[in-house]
Structures are given as C-alpha cells and as structure tokens.
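In what follows, a structure is listed as structure tokens, so that the remarks can point back to it.
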Amino acid sequence: MTTTAELLKGAAELFPDEVVTQAHVRHLDLPGAGRFALITLDNGLDHTKPTTFGPQSLANLDTAIDQVEAEAANGDIVGVGIAGKPFIFAVGADLKGVELLGQHSDALAIGKGGHDVFKRLSALAVPTFAYYNGAAMGGGVEVGLHCSYRTVSKAIPAFSLPEVFLGLVPGWGGCTILPNLIGAERAVSVIIENSLSQNKQLKGAQVYELGIADAIFEGADFLEQSLLWTASVLKGEIAVERLEVDRGEAWDQAVAKGRFVADSKVHGAAPAAYRALDIIEASKDGDLQKGFDAEDQALADLIMGGELRSGIYAFNLVQKRGKRPAGAPDKSLARPVTKVGVVGAGLMASQLALLFLRRLEVPVVLTDIDQERIDKGVGYVHAEIEKLLGRGRINQDKANRLKALVTGVLDKAEGFADADFVIEAVFEEMSVKQKVFAEVEAVAPAHAILATNTSSLSVSEMASQLKHPERVVGFHFFNPVAVLPLLEIVRGEKTDDASLATAFGVAKKLKKTAVLTKDAPAFVVNRILTRFMGEIQNVIDEGTPVATAEKAIEPLGLPMSPLVLLELVGPAIGLHVSETLNRAFPERFKVSENLAAVVKAGKRGFYVYDSGKPELDPEVAALLKQGDTVLTEEQVRDRVLDAVAQEIGLMLEEGVVAEAQDIDLCLITGAGWPFHLGGITPYLDREGVSQRVNGKPFLAPGVASVPA
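So the mapping is simple: my numbering equals the position in the sequence shown, first residue as 1, plus 45.
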C-alpha cells in the first residue's frame, strides 16, 4: 500500500518548480483553556503571490500534522488551529503542477494525497479550528471544511470553490463535506451557480450567513478575536449550533436545480458541473469516505480531459498574457495623460467618459453638436456617480470631486486645447470620423493621442488626411463598457511607438485587458463573430429553420445564442459590420437580405418574449425569405465551426494578432466565450476542425491539452 508521503514525494518529482508553502507550528496559551497549536500556511512571499497547495506543500502540512497529532495524543495540547499569512488563507491546488500531469495515475495521486492530508485534521484527538483570515479558494476552503470549527474575517474579499468554472470539481472534500455542513441547496449555489456565473466570489459576511463559518470577526484583530472565541468553545462557554440538514426531498430538488443551472449555462458541453452534482447527489447519506473516493475519481478523469486543460489555458491567458500584452511597445515611451477629451455625448461616449473619470481621476470633457446632448451626457455621468455613492462604493467627498472633474462644452478648441488623450465615439461612418479628427487635430496639443472607438472601420484611412497620422490609434471597447474587460488597441499604418505605448498605459489604468491588433477589417472579435453569426444567417437564408440553426450551436456552451447576441449588439450594427467585411472579403462575408429586411422594418431582433422565453417574432417570420436547403443540427455546427476555423487561420496568416492565444484572449474577455472552450482554438483543435480546415492545429500539443 502506497503511503501518503510516498504519493506526495512522487508527485513533487513531477513538479520541480512548485512555489512551496510551509506549514509553521507555534504554540499559544489560550486564557483558561490551555496550550494550543497554531499552524500557519505561508509561502514566504507577499499577498500578491497567494499561498497554494502543490505536492511538496501538502507534504509540509502532513509533517506539521504529524507533530500536532503526537502532541494531541499525549495530552500536550487542547486544540489545533490553521491560519494563513496576511490577506491570504490559501487559494487551492497549484494549477501549474496540474498542467504537467500526463498520466491518470498521477492525477489520481494528487486527489488522494490532498484527501489523505486534510482528513487527518478531522481525525485528531482534539478539536480543530480553521481561521479564514484572507482570500480562500478551492483547496484553501476545503482544508478548513475538514476542521471541527471555522471563523471568517469580515474583510475577506474572495471566498469560493471555483473548480467547476475551470473544468474541475472541488475534489478535496468540497463536494462531499459542504452539502453535509450547510445543506445541498446552499452547497449547489456555491459549487455550481457561483462558479458558472463568471466565478462569483463570496465576501466574509456571506460565508458566515451560509453557515460555512461558525463565527465572524473584524479584519483588524481577526486572529486575536478568533483565538478568544476558540478558548470559549474549548471551555464550553460557547456551544456552536448548526442548521439541521434536510436529507429528504430538498436534497434531490437542490441537485435537480443544479442540473437545470448547468444545462442553461453549458448545455451539457462541459462535464465538470455534472460530475460535481453526481457527487453531491451521492453524498446525501452522509458517507464521507464514499464521497471522497468519488471526488478522487472525478478529479483524475477531469484532469486528463480537454475541458480542464482549456480552462487552465484560458485562466493563464487572462491572468498572465492579459497583463503583459504581446507586441506592446516599451512602456517608458508612454506619455502622461492629465486630461481626456471625449467627442460625442451619446450612451457609448458617456460610458467612456465615466470609465476614464473613475479610473484616471483626471478632468474629462465631452463635446457634441448641441448643448442638449452635452447636458444629457454629463447628466448620465453624474447620475452614475450618485449610484456609486448610494451603494457605498465611494464617499461624498469623492463623489463631489468626480462630478467636478467632468464637464461639457460645445467648442472643441475650448475643451481640447490642453487634452492629452481625445477619443471619439461618434456615428460609425468614415467621413464623419475623418471630419471629427480634422477638427480635433486643429485644436488639440501636438502630443495628444487621437483615439477612435470604431468597431470595424480602418484606423489608417481615418488618419490618412491628418498632418500627424502617427498619433492616431484604435481604442475599441466592448459593450457594456463597465463589464467586458477587452480593449482592442489597433495600430494604424503610421501609428508611432510613443502613441501606442501611451494607449497601452491608459488601458492598464482603465483596468482593461489590452490586445494589440493590426488595422484589419473589424479587427478580432467582430470579425470572428460576424463570420460565426453570418454562417448561421446563411443557413437560415438557405432554408434551415431558425430553431435548428440556433440549437446547433448549443453544445459549445456559449453565454447566449447567436440571435440573442445579435439582439444585444443591435441588428443595425450587425448589418453595418457585415457590410464592412463584405467590402473587404466578399467571397466569405455575405450581406443577408433577411437581416437587412429586419433592420429596415425597425425590429430590435428576431425574437419576442411574450411568454417569458424567446420565440420567433411572427412579424420577423413573415419577412424571412428562405430557400429549400434544410440542414441538420450537426451539419449546421460543422459548417459554422469550419467557417470560424478558416477565418482564424486567415487572420493569423495576415498577422492581425501575434498568435492564436490573442484570438482566444479576445473572445474570452470581449465576447464572454467560456473558459471550458479556452476561447475557441483549443476546442477547434480538440474536435479536429482545425486539422480538417487548415491542415494543422492552432496550438502546440500540451498548450491547452494533455502533454503528449
């Protein structure tokens, strides 16, 4: 029989670059209670490098438990606590190590090793306490679940079991212990719903309200208060009362609800949520060991599956590549931005003004063609600041300061004479934008960046009539601006490095994920989405029923169906982008007469929602002129995926972005495409579409797949 120590030693050899967490044991005298052992998890780095559990880290905790186990058995201690370093409790398994695993047996060892170590906490001869003093995720949450009692800090910003979001299950006790602690309904909410809602985090107060923690204390003296509370528990002065878990119909209903949520979010396309629900369902009888064994198996199966590799790949793109954009010039070339001008005062321009104001906290001035529009734009920004104040996100002083920084003027010369960065968000028409830039260039300082929020027009053409085209840059945001992180930064033919560096510097301050793109029609996201949605539109136009065309894409698990997305974007904008791309690439991008008819009729989309769910609008149905070629769902899906794979291949050949990774980063952060797809290219590789269409995969083996 392989021991835990041998399991972890073997795993550690597979992962030589682990950032190792130490488990320090110290002893305290709790007033009136006796000698107490406190284990502190610490990787020796500051809070920007959170504590994780790789194999050596688990081995270190195992060694610490050896010590306190002996002390407990000898009667030398009355209890054991576990806490983290400042601001961090622990954030779970080290994913860098998971990526390296190439064998099912190695993956099984990771699950079993974690269980074997954590289980020892609940088996000690004395009560055990977890003190969630800072961020706790995944295995960090689970190590605490194995303890007898838990306290949580009010100051915790992030507490979650995010495994399903990445393509795993909470596999070190989360799926089994949590429902048995707080009930299946609450556990499903934490494990399934929150994970599939863009990895929603809990705050300290919610952790306590859910019953995960038995007590909650202020962040400033959290550990001190937790230890005083611990002493009271050990002395019998405090009796912890917990919810009685309903193991009847409520448990089954919670699992059924979880399956409904999973279906609505991933449509059966990613297995992790369903595996987690299977384990929760099987944990109803309270047999923890049976649950742990199921967690081990699920963890190993999922680690060796494509969805997890795609999930880790996507996570790394957002966390690493997104913070160090490929091709960005040296940041030392960037110029300071102390005032921002916004041309336009419509909804998009007003959203941009609010974003610049909140993130840069510099004067922002809007202009438009009449005072009424300007007043409306400034009024929107003021109203949004009032909302932030009302929610307690900012105080009155800050609200007053921000309001004072935003102004509007009719005269561009007055508004932009001392602006360092001017962005236009006017009508998507080349001649209009060229006229605006000519007017801005005449009055703005020589060093000012001229940025365009165009979604599809040529930045180079926009700059072509200016005296200084080198300072024009594409700065394409995605709607809603406050929610979607992506910012496509477009380099025109003449854009210089200083202007580009300044644009990237501003993007960073705006807290956006910036991706450098060549000045090519519709850049990245809109080009791919237009090809994707265009192919759906084509099959509908040729004769496939709308419902079949939409349902064909469900296995991708996208955040919304193509025609619902069209409604969100606006059919008129969708039509405009398809016309732009049709002019550039007529052989691949058609302009749908049906879509044009929908726009002409003033319809906001294909659907009505009279019954609460989308149904084809009878007026739209009457407009549609279809052929007689009816495809199956599978044929539609193949055609759409082939089109997307072809377009991405051509974009990479054209050098629109540096690598396939940038395409995926754009789709994840600009279009909300799911982590389990890894954006799109890992999925196209895994399904054999890349090979079929382009003769080769987009990514090297092991990049978003199990190492060969």
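Heads up, the beta-carbon is just placed ideally off N, CA and C, and yes, glycines get one too.
With contact defined as three or more Cβ pairs closer than 8 Å, the segment 189-208 and the segment 148-167 are in contact. Where Ile534 is concerned, there is no enclosing alpha helix (DSSP H), although the beta strand (DSSP E) around it starts and stops at 531-536.
For Asp161, the uninterrupted alpha helix (DSSP H) run begins and ends at 149-167, by DSSP. Here Lys596 carries a helix assignment [DSSP, helix/strand/coil].
The segment 93-113 and the segment 61-74 touch, with no fewer than 3 CB-CB distances between them shorter than 8 Å. No Cβ-Cβ contact shorter than 9 Å links Leu722 with Ala690. Around Val471, the same chain offers Val388, Gly389, Val477, Lys478, Val481 as residues with beta carbons nearer than 7 Å, after the five sequence neighbours per side are excluded. Residue environment analysis places Thr714 among the buried positions, since at least 16 neighbouring C-beta atoms fall within 10 angstroms of its C-beta. Going by DSSP, Ile261 is part of no alpha helix (DSSP H) but of the beta strand (DSSP E) stretching over 260-262. According to DSSP, residue pairing for Arg80 in a beta bridge involves Asp74. Under DSSP, Phe174 takes part in a beta bridge, and its partners are Gly126, Tyr194.
Here DSSP, grouped into helix, strand and coil, assigns Lys376 to helix. Cβ neighbours of Val751 within its own chain (closer than 7 Å, five residues either side excluded): Gly147, Met349, Arg354. The shortest CA-to-CA distance from Pro381 to any of Leu455, His492, Gly367, Lys443 is the one to His492. One thing to note: Phe743 has its Cβ no nearer than 9 Å to the Cβ of Leu710. Remark: C-beta atoms of Ala78 and Val113 do not approach each other more closely than 9 Å. As the crow flies, the alpha-carbon of Phe461 is around 49 Å from that of Val584. Each residue's CA atom was taken as its position, placing Val636 and Val644 some 12 Å apart. Distance from the CA atom of Leu511 to the CA atom of Val485, rounded to whole angstroms, is 10 Å. As for any alpha helix (DSSP H) of minimum length 4 sitting wholly inside the segment 229-262, the runs are 229-233, 249-254, ordered along the chain. If you ignore the 5 residues before and after Val188, its C-beta comes within less than 6 Å of the C-beta of Phe163, all in its own chain and listed in chain order. By the Cβ-count criterion, His92 is exposed, with fewer than 16 other Cβ atoms from all chains shown falling within 10 Å of its own Cβ. Under the three-state reduction of DSSP, Leu676 is assigned to coil, being neither helix nor strand. When C-beta atoms of the segment 557-569 are compared with those of the segment 524-535, three or more pairs fall below 8 Å, so the two segments count as touching. Exposure of Ile414 is indicated by the presence of fewer than 16 other C-beta atoms within 10 angstroms of its C-beta. Taken through DSSP and simplified to helix, strand or coil, Val300 comes out as helix. A distance below 6 Å between beta-carbons, with the five flanking residues on each side excluded, links Ile133 to the following residues of its chain, in chain order: His92, Pro95, Thr96, Gly179, Ala180.
Around the C-beta of Thr49, 16 or more other C-beta atoms lie within 10 Å, and the residue is accordingly described as buried. Here His72 is exposed: its Cβ has fewer than 16 other Cβ atoms, across all protein chains shown, within 10 Å. Under DSSP, Val306 forms no beta bridge with any residue. For Asn239, the number of other beta carbons within 10 angstroms of its own is at least 16, and it is reported as buried. Secondary structure of Phe472 (DSSP, three-state): coil. Put simply, of Asp161, Ala135, Glu144 the residue whose alpha carbon is nearest the alpha carbon of Asp111 is Asp161.
Here DSSP, grouped into helix, strand and coil, assigns Gly588 to coil.
Residue state for Ser503 is assigned as coil, using DSSP reduced to three classes. Per DSSP, Gly453 is one residue of the beta strand (DSSP E) stretching across 451-453.
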